[in-house]
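Beneath this line is the structure, given in structure tokens, with notes to follow.
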Amino acid sequence: MKKIGIADRLLLLGTGVLAAYQVAVGIEGLELLPIICYTVGFGALLVSGLLLMILGFEILGSPITVIVSTLIPLSLSLGLIVEYLPRFTGIYLVFSVAGFLIVAISRYTLHGKGAAMVLAPIHGIAGLLLFGLPIWLVLQGSLASGFVMVGIGGALMGVGGLLLSFLKAGRPILSQTAILSVLPALFFLTTTAFIYGFAQV
Amino acid sequence: MTTLKASLKTIKRNYWPLIKSLQTALLLITGLAGFMSARCPVLNPGILLSLSGSLFLAISGSTVLNMWYDRDIDARMKRTCQRPLPSGQLAPSKALALGLGMSALGVGWAFMMMPLYGLVIFAGLFFDVVIYTMWLKRRTAWGIVWGGISGGMPVLAGRVLGLGYIDWVGMALCLSVLFWIPTHILTFSMRYFDDYKNAGVPTFPSTYGFGTTRKVIAVSSLIAAIAIAIGAVGFGMAVGYLRVIAVLSVGLFLLAVGSVWKPSERVNFGLFKYASLYMLGAMLLMALDGM
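Those protein sequence lines, which keep their order, are chains X and Z. Just so we're aligned: the first sequence equals residues 1 to 201 in my numbering. Just so we're aligned: the second sequence equals residues 1001 to 1291 in my numbering.
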């Protein structure tokens, strides 16, 4: 497996710093529930960035990685729902909590296709919301155009998720080395896009 | 010019490793963070320079004295046998003179700034060199408690310098470092288990086994996180910064629990590194908050 380099580490550290900034400053003034959601999402980005920086790409093979990577889109999309589609808060909260628990349990009880079939719809729904909702809100004229960057962040996260999923399934879209080479930059760009987008509100 | 270059090279090769620069820097940052947590006018260059200078000299001095005293242990350990003292590149008498000189300068400077600040710095040095290194380290695995107490002194000293007295917040911050130390040292002693065993140094893994040690690390990580949160709330840290500390604390605790649940060398090493980043991050946030 590709060894993690200095540039990779710097990008991951940058990701962690940006995520920490968002947790500390970027979500000030919001209601309690969105603050919790975004803290969990950006907090997971912060901790996973640091762990990837410390432990290298080998941790991507751990079941914990999948669980944490599910937490990020679920919590960020839940934050968006709470803020902009509050009437769906209850149902999406149930979906998020249940989805997260199901993914966590399935990682240790199911293997291969079974685990992937559980993961795909939950990840898919959260990812599509994270990508589509900001764009829809901007098109509706409810928010400034810069908020579209949150959707772009969601799309970049989806690209990363897809690359890793296909790699894990044994049908890589790109070579493992190529995927691991772009992953830290993708991580950094995703976080930057999110932070820029949220700052436009 | 050539002589100067040669002298600098010698200092870098023989003397610089004696102060364990990363460890010293981390402790120095805890001292600065403790000072800034007092929310006194922190951007006073004179005081900041004196604080940094006195702390640097005292911390480095005690580290050099540890190196001098433990040179026989270092010679028996693969990880440390190439250090300047066990490898014979530096005479022990020179290291002793340097350690005593730096310690005396650091403590003296601190006493001149404020007697109570000097006393806390002296206590840290005394606990580290005399109680931990000379008395307990070779006798009991529990010696690290005193290493931890001395590690907590810089943050307390910094706060004392800012306030002029010892308060419960300073004690909580000191406790957070004390309980963070096991995460740092015990993961290290598991990684270099054979080295410590060969040198005859009692450690938690060699005395109580790896399983118990991992549980101790998990519990002490949790207590460290709680203590740091109490201290941070106590001095009125901004809520946003508290959220970051909470996130980092959850990461530390989960990693510690992970090392109990599914032990591996990789997780153990990750916990060691993460614990250092955790303390650095928490202290930088404290310092930022105080500015």
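Think of the CB as a built atom: it goes at the ideal place given N, C-alpha and C, for glycine as much as any other residue.
Next on the checklist: Please list, in chain order, the chain X residues whose beta carbon lies closer than 7 Å to that of Z/R1243.
Outcome noted: To locate residue 1243 of chain Z, count along the second sequence from 1; it is residue 243. The contacting residues are V23, A24 and T39.
Item to check | Three-way DSSP call (helix, strand, coil) for X/H111 in this model | outcome: Mapped onto the first sequence, residue 111 of chain X falls at position 111. The answer is coil: DSSP assigns X/H111 none of H, G, I, E or B.
Checklist entry - Z/L1277 versus chain X: which residues are under 7 Å apart at the beta carbon? => result In the second sequence, counting from the first residue as 1, residue 1277 of chain Z sits at position 277. L50, listed in chain order.
Item to check | Cβ-based neighbour list, Z/V1169, same chain, cut-off 6 Å, excluding 5 preceding and 5 following | outcome: For the purposes of this step, residue 1169 of chain Z is taken as the residue at position 169 of the second sequence. Contacts found: G1231, G1234 and F1235.
Checklist entry - Counting pairs of Cβ atoms below 8 Å between the segment 185-201 of chain X and the segment 136-152 of chain X, do you hit three or more? => result yes
Next on the checklist: Measuring alpha carbon to alpha carbon, tell me which residue in X/P121, X/S145, X/H111 and X/V201 is nearest X/A98.
Outcome noted: Working through the first sequence from its first residue, we reach residue 98 of chain X at position 98. Out of X/P121, X/S145, X/H111 and X/V201, X/P121 has the C-alpha closest to the C-alpha of X/A98.
Checklist entry - Does the segment 1247-1255 of chain Z come close enough to the segment 1196-1215 of chain Z to have 3 or more Cβ pairs within less than 8 Å? => result no
Checklist entry - How long is the line joining the alpha carbons of Z/Y1117 and Z/S1150, rounded to whole angstroms? => result Counting from 1 along the second sequence, the entry for residue 1117 of chain Z is found at position 117. Counting from 1 along the second sequence, the entry for residue 1150 of chain Z is found at position 150. Looking at the two C-alpha atoms, the distance is approximately 14 Å.
Item to check | Given Z/A1038 as reference, the closest of Z/R1191, Z/D1195, Z/V1247 and Z/L1163 once Cα atoms are compared | outcome: Numbered from 1 along the second sequence, position 38 holds the residue referred to as residue 1038 of chain Z. Closest by alpha carbon: Z/L1163.
Checklist entry - From the beta carbon of X/A20, is the nearest beta carbon of chain Z less than 8 Å away? => result For the purposes of this step, residue 20 of chain X is identified with residue 20 of the first sequence, where counting begins at 1. Judged by the 8 Å Cβ criterion, X/A20 is in contact with chain Z.
Next on the checklist: Let me see if you follow: with CB-CB separation under 8 Å, is X/G158 close to chain Z or not?
Outcome noted: Locating residue 158 of chain X in the first sequence gives position 158, counting from the first residue. Chain Z contact via Cβ: absent.
Checklist entry - Is there a Cβ from chain Z that is less than 8 Å from the Cβ of X/V47? => result Walking along the first sequence from the start, residue 47 of chain X turns up at place 47. Interface residue, yes.
Item to check | Chain-ordered chain Z contacts of X/G43 [CB-CB under 9 Å] | outcome: Position 43 of the first sequence, counted from the start, is the residue given in the question as residue 43 of chain X. What X/G43 touches in chain Z: R1243, V1244, A1246, V1247, L1248, V1250 and G1251.
Item to check | Near-chain X residues of the segment 1259-1274 of chain Z (beta-carbon distance less than 7 Å), N- to C-terminal order | outcome: R1266, G1270, K1273 and Y1274
Next on the checklist: Is there a C-beta anywhere in chain Z that falls below 8 Å from the one on X/E28?
Outcome noted: Walking along the first sequence from the start, residue 28 of chain X turns up at place 28. For X/E28, the answer is yes, since a Cβ of chain Z falls inside 8 Å of its Cβ.
Next on the checklist: Please classify X/G207 as buried or exposed, where buried requires at least 16 other C-beta atoms within 10 Å of its C-beta.
Outcome noted: Since the first residue shown for chain X is 1 and the last is 201, residue 207 of chain X is missing from the structure and cannot be characterised.
Checklist entry - Can the beta-carbon of Z/I1131 be found less than 8 Å from the beta-carbon of Z/M1153? => result The sequence position of residue 1131 of chain Z within the second sequence is 131, counting from 1. The sequence position of residue 1153 of chain Z within the second sequence is 153, counting from 1. For Z/I1131 and Z/M1153, no; Cβs fall outside 8 Å.
Checklist entry - Can a CB atom of chain X be found closer than 8 Å to the CB of Z/G1240? => result What you label residue 1240 of chain Z is simply residue 240 of the second sequence in a count that begins at 1. Interface residue, yes.
Item to check | CB of Z/L1161 within 8 Å of CB of Z/F1269, strictly | outcome: Locating residue 1161 of chain Z in the second sequence gives position 161, where the first residue counts as 1. Locating residue 1269 of chain Z in the second sequence gives position 269, where the first residue counts as 1. Not closer than 8 Å, so no.
Item to check | Straight-line gap, X/F166 to Z/I1166 (C-alpha atoms, nearest Å) | outcome: By one-based count along the first sequence, residue 166 of chain X stands at place 166. By one-based count along the second sequence, residue 1166 of chain Z stands at place 166. Computed Cα separation, rounded: 58 Å.
Checklist entry - Are there three or more Cβ pairs, one per stretch, closer than 8 Å when the segment 64-82 of chain X is compared with the segment 40-47 of chain X? => result yes
Next on the checklist: Alpha carbons only, please: which of X/E31, X/Q140, X/G127 and X/L163 is nearest the one belonging to X/T177?
Outcome noted: Counting from one through the first sequence, the residue named residue 177 of chain X turns up at place 177. Ranking X/E31, X/Q140, X/G127 and X/L163 by Cα distance to X/T177 puts X/L163 first.
Next on the checklist: Could you give the first and the last residue of the continuous alpha helix (DSSP H) run that contains X/E83?
Outcome noted: Counting from one through the first sequence, the residue named residue 83 of chain X turns up at place 83. P63 to Y84 is the extent of the alpha helix (DSSP H) around X/E83.
Next on the checklist: Among the candidates Z/Y1192, Z/F1188 and Z/V1219, whose CA atom is the shortest distance from the CA of Z/F1272?
Outcome noted: In the second sequence, the residue the question calls residue 1272 of chain Z occupies position 272. The candidate whose alpha carbon is nearest that of Z/F1272 is Z/F1188.
Checklist entry - Does DSSP put X/D8 in a helix, in a strand, or in coil? => result Translated into positions along the first sequence, residue 8 of chain X becomes position 8. X/D8: helix per DSSP, three-state reduction.
Next on the checklist: Please report the straight-line C-alpha distance between Z/Q1089 and Z/Y1192, rounded to a whole angstrom.
Outcome noted: What you label residue 1089 of chain Z is simply residue 89 of the second sequence in a count that begins at 1. What you label residue 1192 of chain Z is simply residue 192 of the second sequence in a count that begins at 1. About 24 Å.
Next on the checklist: For X/G56 and X/A7, I'd like the C-alpha separation in whole angstroms.
Outcome noted: By 1-based counting over the first sequence, the position of residue 56 of chain X is 56. By 1-based counting over the first sequence, the position of residue 7 of chain X is 7. Each residue's Cα considered, the two are about 13 Å apart.
Checklist entry - How big is the Cα-Cα spacing for X/I105 and X/E58? => result In the first sequence, counting from the first residue as 1, residue 105 of chain X sits at position 105. In the first sequence, counting from the first residue as 1, residue 58 of chain X sits at position 58. In a straight line, the C-alpha of X/I105 is about 22 Å away from that of X/E58.
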